[in-house]
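In what follows, a single structure is set out as structure tokens and then discussed.
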Amino acid sequence: MRPPTASPIVTKTGESPPSAPGAPVVLSANSLRVRYRNGALGILDVSVEVKVGQVVALFGPNGAGKTTTVRAISGFLRSEGARVIDGSVSLMGRATTNMEPSRTARIGLAFVPERKKVFASLSVRENLEALGQLPPRAERAAAFQRVYDMFPILWERRRSQAGRLSGGQQQMLAIARGLLTDPRLLIIDEMTLGLHHSLHEPLFDAVREVAAQGTSVLLVDESTGFALDVADHCYLLSAGRTRMSGPAEEFRGSELLAAGYVDAE
Ligand SMILES: Nc1ncnc2c1ncn2[C@@H]1O[C@H](COP(=O)(O)OP(=O)(O)OP(=O)(O)O)[C@@H](O)[C@H]1O
216 MRPPTASPIV TKTGESPPSA PGAPVVLSAN SLRVRYRNGA LGILDVSVEV
266 KVGQVVALFG PNGAGKTTTV RAISGFLRSE GARVIDGSVS LMGRATTNME
316 PSRTARIGLA FVPERKKVFA SLSVRENLEA LGQLPPRAER AAAFQRVYDM
366 FPILWERRRS QAGRLSGGQQ QMLAIARGLL TDPRLLIIDE MTLGLHHSLH
416 EPLFDAVREV AAQGTSVLLV DESTGFALDV ADHCYLLSAG RTRMSGPAEE
466 FRGSELLAAG YVDAE
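Here the sequence shown is numbered in the working numbering, starting from 216 and rising by one per residue.
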């Protein structure tokens, strides 16, 4: 494997991703209602759509249902003993409601969870190799090269234990793991939570690059300033429902966002 290059990486199609309005839909989640094992409703009515090449941001106060929504979409609700009890999810036009994560992964979804992002005792390289669905052997070297090109620090630290990386580097590693499978949709929950402010911009830059290469991104992040800069489209959740959705420009002056997501039911 050669060290990272500065050369631009080719998109999946070899062309720029189509602009969003008429672009094909990658994810469609409609009127989702989720119940946890203890009977609590995690979300009551949430709809989210992501098109090819888009970065979509989900905002909302604590407990609004952002994590529940992305778990419902990715299939990781099951590990929390929860299920979608109403509404539907489709990925790349295929019905995936309550589908297990290994199957949503095969359809082209990669999920970077809020917690437990990396194996702390394994090296950076081993973390990448420990992926359940590594690309076929013939494509593996190119896939590793692609993520090392995006995050050169991971190449430099490829023999370091992941647990010894900084929080920002661990987040990069988690994103790199997601990207190894060349997904159609990358979902990142709380990308910058707990990270020093100086790390926010490089991570958002990486998101922008991921989308430019043709992988759509659905992002949950409290760093609304950067998220609005990078996102094409946004959703604001409140008390388990979609309160507002629209292009990022419409959110910039939003009183609801500015008011710190007040739950004004
Ligand atoms: N494992 C669980 N069991 C039961 N209820 C849960 C569970 N996880 C979340 N909930 C409930 O689901 C609702 C939505 O929580 P969720 O974590 O999705 O919100 P969030 O917007 O991601 O908030 P935060 O930013 O605090 O993570 C809350 O009422 C929460 O108490």
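Built from N, CA and C at the ideal position, the CB exists for glycine as well.
A quick note: this is a predicted structure, and the numbers were derived from the prediction, not measured.
Cβ shell of residue i (< 8 Å), same chain only, five flanking positions each side left out
i, result
"L452", "I258, V261, L273, F274, G275, A279, G280, K281, T284, R458"
"G382", "G409, L410, H411, L414"
"I368", "Q384, M387"
Neighbourhood of residue i by C-beta distance below 7 Å, restricted to the same chain and skipping five residues each side
i, result
"N245", "S262, G302, S303"
"E264", "V240, L242, S243"
"I224", "Caution is warranted here: a pLDDT of 34 is assigned to I224, below 50, making its placement in the model unreliable, and no coordinate value can be reported."
"S438", "T407, H415"
"D404", "T282, V285, V327, P328, E329, V435"
"M314", "G290"
Sequence-distant residues of the same chain with beta carbon closer than 6 Å to residue i, five excluded per side
i, result
"V484", "Past the edges of the chain, shown from 216 to 480, lies residue 484, and the structure says nothing about it."
"R456", "L259, D260"
"E480", "At E480 the pLDDT is 36, less than 50, meaning the model places this residue with poor confidence; the figure from the coordinates comes in the next sentence. Hits under 6 Å: A454."
"R373", "V339, R340"
Residue i burial status per 10 Å Cβ neighbour count (16 or more: buried)
i, result
"Q348", "exposed"
"D420", "exposed"
"P462", "exposed"
"A221", "With a pLDDT of 48 at A221, under the threshold of 50, the modelled position of this residue cannot be trusted, and the question is left open."
"S294", "exposed"
"A255", "exposed"
is_contact[residue i, chain D] using C-beta, thresh 8 Å
i, result
"E437", "Given the protein chain composition of this structure (a single chain), no chain D is represented."
query = Can you list, in chain order, every residue whose CB sits closer than 6 Å to a heavy atom of ligand 1?
reply = Y251, N253, A255, G257, G275, N277, G278, A279, G280, K281, T282, T283, E295
request  = Go through the region 408-474 residue by residue and report every complete run of the beta strand (DSSP E) that reaches 3 residues or more, in order.
outcome  = 431-435, 448-453, 456-462
key: Inter-stretch contact (C-beta, 8 Å, three-pair minimum) for the region 394-403 and the region 320-327   = yes
task = Output the residue ranges of the beta strand (DSSP E) runs that lie fully inside the region 296-368 and measure 3 residues or longer, sorted by chain position.
result = 298-306, 324-327
ask   = Are at least three pairs of beta-carbons, each pair with one atom in the region 336-345 and one in the region 383-395, less than 8 Å apart?
value = yes
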